[in-house]
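Visitor: Below is one structure. I have some questions about it.
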Amino acid sequence: MGLHLDDYHDAVIEKISTDMPWLTSVDNYPEQLGKLDTPCAFFGVVDWDRASDQRMTGELSIELSCQLLIVFGQEGEVSSKAVRNASMFASIKIDENRFGLNAEPAQFVSAEPWAFDPDLDQYVVWAVNFRHEIEVGEDQFDLVPDFLPTDVNVAQAPKNGADHLDDYEQLENE
């Protein structure tokens with residue numbers, strides 16, 4: 005069954021919190037920032053595109069563009085180096101991670117200094133960017149509960165198809 009974006013956020017945040025216990029918190033990017041207890045991280049889905057391969061289950065395969073912001077307080081050179089080391093660690097942990105979901109593994113894309121929010125000017129922030137292919141919507145095969153064929157019938161071409169149902173032979177289950 006396809007994922008809901010809230011479920012995706014929860015799974016990623018839970019896995020990052022577990023894999024990086026030195027972070028004081030991991031959360032969705034907030035609407036308003038107050039004083040932060042650092043080091044911390046914010047996760048968000050920036051945008052998404054249609055995946056090149058579609059599974060033909062009725063679900064839509066999409067590639068999420070995701071971003072994990074690693075935030076450290078500004079305590080001189082130590083913080084600048086520490087946030088880079090933390091971002092490198094996060095890059096390794098994110099790459100090929102499924103976050104406990106039935107999805108393709110995530111793919112690390114890049115990590116870079118991030119300075120796009122004036123509320124974070126007093127912190128040292130790096131963005132770890134990754135892509136992750138997931139399925140959204142309803143899997144049409146989930147709508148038919150416990151479908152298991154009970155009979156197997158065979159026919160030889162050209163005497164097959166809907167016009168030749170009487171030409172099929174049922175295989176016996178032994």
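Sequential numbering of the sequence shown, starting at 5, is according to my numbering.
Just so you know, even glycine gets a beta-carbon here, dropped at the ideal spot from N, CA and C.
Quick caveat, the model's predicted, so the values are computed rather than measured.
(1) Can you check whether the CB of VAL113 is closer than 8 Å to the CB of ILE74?
(2) Please identify the residue among GLY165, GLN160, ASP155, ALA166 whose C-alpha is closest to the C-alpha of LEU175.
(3) Using three-state DSSP, classify LEU73 as helix, strand or coil.
(4) In its own chain, which residues sit with a C-beta less than 8 Å from the C-beta of LYS163, not counting the 5 before and 5 after it?
(5) Whose CA, out of ASN101, TRP118, THR42, lies closest to the CA of GLN111?
(6) Can you list, in chain order, the residues of its chain with a C-beta nearer than 7 Å to that of GLN126? Leave out the 5 residues immediately preceding and following it.
(7) Determine which residues share a DSSP beta bridge with TYR253 and list them.
(8) Quick one: give me the first and last residue of the beta strand (DSSP E) that GLU18 is part of.
Guide: Checking against the coordinates, here is how it stands:
(1) No, the pair does not count as a contact, with Cβ atoms beyond the cut-off.
(2) Comparing Cα-Cα distances from LEU175 to each of GLY165, GLN160, ASP155, ALA166, the minimum goes to ASP155.
(3) In this structure, DSSP gives LEU73 an extended state, which the three-state scheme calls strand.
(4) If we look at LYS163 and ignore the five residues flanking it on each side, its Cβ neighbours are ASP171.
(5) The candidate whose alpha carbon is nearest that of GLN111 is ASN101.
(6) The answer, listed in chain order, is GLN78.
(7) With the chain covering 5 to 178 only, the question about residue 253 has no answer from this structure.
(8) Careful: GLU18 lies outside any beta strand (DSSP E), inside the alpha helix (DSSP H) at 9-23.
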